[in-house]
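Under our numbering, the first residue of the sequence shown carries the number 13, and numbering increases by one thereafter. The beta carbon of each residue, even a glycine, is placed where N, CA and C say it ideally should be. All of these numbers come straight from a predicted model, not from anything done at the bench. A quick write-up on the structure given underneath.
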Amino acid sequence: MSKAQFIRLMFNDISPKYDLLNDVLSLGTHRLWKKKLIRLSLQDKPVSALDCATGTGDIAFELKKNCPGSVMGIDFSQGMIDQAIERSKRNPHQVEFRVADIEKLPFTDKSFDITTISFGIRNVENLDQGLKELGRVARGVYILEFGRPQNNLFKKLYFGLLKLYVPLFGLVSKRKDAYEYLISSSEAFPSGEEFVSIMKKNMSFKIFGYTPVFGGIAYIYYARNEELL
Ligand SMILES: C[S@@+](CC[C@H](N)C(=O)[O-])C[C@H]1O[C@@H](n2cnc3c(N)ncnc32)[C@H](O)[C@@H]1O
Numbered sequence: 013m014s015k016a017q018f019i020r021l022m023f024n025d026i027s028p029k030y031d032l033l034n035d036v037l038s039l040g041t042h043r044l045w046k047k048k049l050i051r052l053s054l055q056d057k058p059v060s061a062l063d064c065a066t067g068t069g070d071i072a073f074e075l076k077k078n079c080p081g082s083v084m085g086i087d088f089s090q091g092m093i094d095q096a097i098e099r100s101k102r103n104p105h106q107v108e109f110r111v112a113d114i115e116k117l118p119f120t121d122k123s124f125d126i127t128t129i130s131f132g133i134r135n136v137e138n139l140d141q142g143l144k145e146l147g148r149v150a151r152g153v154y155i156l157e158f159g160r161p162q163n164n165l166f167k168k169l170y171f172g173l174l175k176l177y178v179p180l181f182g183l184v185s186k187r188k189d190a191y192e193y194l195i196s197s198s199e200a201f202p203s204g205e206e207f208v209s210i211m212k213k214n215m216s217f218k219i220f221g222y223t224p225v226f227g228g229i230a231y232i233y234y235a236r237n238e239e240l241l
């Protein structure tokens, strides 16, 4: 089974419990980190936005509150998109959700002002191709992803705790492998400057940058053409 198939099936399986597990597992902190991503991306004053690997639509709904044009959310897991569509029935902010693969986005070049992706890029099988696509369809790209804390002691403590704490959720969700994958993929994924250099290789923008969140447990990366900070 390819990595993409494994990921898609895993998210289909956990989709009904995803929001609850996300809140409990992160002790609610994912909401703060997502707010930070949204704040940064809104500095671009986007009219339209595409949220990739949207999951149940957290970022897309928030963006729609501030973007007067069209906001779309795509994900390759039908289960996650079904949850997002269910939420949209109770949400006054109209977002269009579609099943689509980041590696082959069904949009023409620069169709959106910005693309965002939160906790999704780590899962994309062909990272170079995924980044190329995010940059192709928009004028600015904003990425939130787990990474490695910069301080060595904090890094050891953090991954040590994660290995004790996270498997408990695997038991609850009956997808132990999903939570083992969360730890191993976060530990191995490039972060900070290393990730920025991969972005530079695959996207043509003038400005690239990043900001660590919570000591480097996560990072927000951006690529755009104007200095806004
Ligand atoms: C950890 S969830 C993040 C969901 C949401 N963005 C959030 O922050 O809560 C990762 C999502 O990435 C999606 N995903 C992974 N690879 C993808 C791809 N190649 N194309 C589209 N979606 C993908 C999965 O289906 C899953 O919904």
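- Contact between ASP31 and THR66 fails: their C-beta atoms lie close to 13 Å from each other, not under 8 Å.
- Fewer than three beta-carbon pairs drawn from the region 166-183 and the region 133-146 are found closer than 8 Å, and the two stretches are therefore not classed as touching.
- A distance below 6 Å between beta-carbons, with the five flanking residues on each side excluded, links PHE23 to the following residues of its chain, in chain order: SER89, MET92.
- Rounded to the nearest whole angstrom, the CA to CA distance from GLU192 to LEU156 is 20 Å.
- In terms of Cβ geometry, HIS105 and LYS122 do not form a close pair [threshold 7 Å].
- For MET84, there is no enclosing alpha helix (DSSP H); the residue is part of the beta strand (DSSP E) that begins and ends at 83-87.
- The shortest C-alpha to C-alpha distance from ASP87 to any of SER60, ALA235, LYS116, LYS29 is the one to LYS116.
- Taking 7 Å as the cut-off, the Cβ atoms of PHE109 and GLY85 count as close.
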